[in-house]
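Position 96 (the sequence shown) corresponds to 88 in our numbering; numbering is contiguous.
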Amino acid sequence: IRGYFNFTSNDPNAHFGVVKDILDTGRTSQFNFYPAMHLLLAQISLVSGMPAEVIVRLLPALLSVMYMISIVLLARVVFEDRQRVMLVAAASAPLLFGIFHISIYPRAFGQLLLPLALWLYFKAGQRPQVSYKVPFVLILMAFTFSHPWPALYLVAFLGSVEIARAFTNWTMGRERAPASPHPLRGI
């Protein structure tokens, strides 16, 4: 649709307006309940010197690429079999055809970062050094300012994993097996 800034609902226009307000005033509104995406877009525009209109159009594409890479990385952590990793990548490809991949929404920002957060979580549990733990903690903090729904999804998933881990350690503890490592141990 040539000449139009946006061809979805009015939400992306409102979010673009918030980014413009941040660039014009140097601060965010007190009514911006999840400012992470808006602040990121404004910062990228300031640092790169590119107009906010261009950044707003590029971010969904960049997040979509990062989403697919994160899906593959997450699948490689969960599955050792290369065929299963490719199956996961293929199965997640239709998700790229949703509206979140063409417009800016704070909820989409958080949802597209979920595979990255989960990959960092599992990698932090595998490695004793802080190279994955610090980015994981940083992305957890970013989730609190992205949107409530993706943050709740992440909390529910991590809570379920930790409950399953505790149950496994408890049942294996009766057999004198070593406990599984906790991803944030050592931070």
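Virtual Cβ for every residue (Gly too), placed ideally from N, Cα, C.
Local Cβ density within 10 Å of residue 103, reported as buried at 16 or more and exposed below that = buried
request  = Please report the Cβ distance between residue 101 and residue 29, rounded to the nearest whole angstrom; I am assuming they are in contact, meaning their Cβ atoms lie under 8 Å.
outcome  = 4 Å
query = Under the three-state reduction of DSSP, which class applies to residue 2: helix, strand or coil?
reply = coil
ask   = According to the neighbour-count rule (16 or more other Cβ atoms, all chains shown, within 10 Å of its Cβ), is residue 83 buried or exposed?
value = exposed
query = Alpha carbon to alpha carbon, how far is residue 2 from residue 148?
reply = 30 Å
task = Taking the CB atoms as reference points, tell me whether residue 145 and residue 106 lie closer together than 8 Å.
result = yes
task = From the DSSP output, in three-state form, read off residue 97 for me.
result = coil
key: Closest residue to residue 95 among 22, 48 and 25 (Cα-Cα distance)   = 48
query = Relative to the C-alpha of residue 85, which residue among 138, 126, 5 and 59 is closest?
reply = 59
query = For residue 162, is the classification buried or exposed, using 16 other Cβ atoms within 10 angstroms of its Cβ as the cut-off for buried?
reply = exposed
key: Residue of 7, 136 and 111 minimising C-alpha distance to residue 63   = 111
request  = Please work out which residues of its chain come closer than 8 Å, Cβ to Cβ, to residue 4, disregarding the five sequence neighbours upstream and downstream, and give them in chain order.
outcome  = -2, 48, 95, 96 and 97
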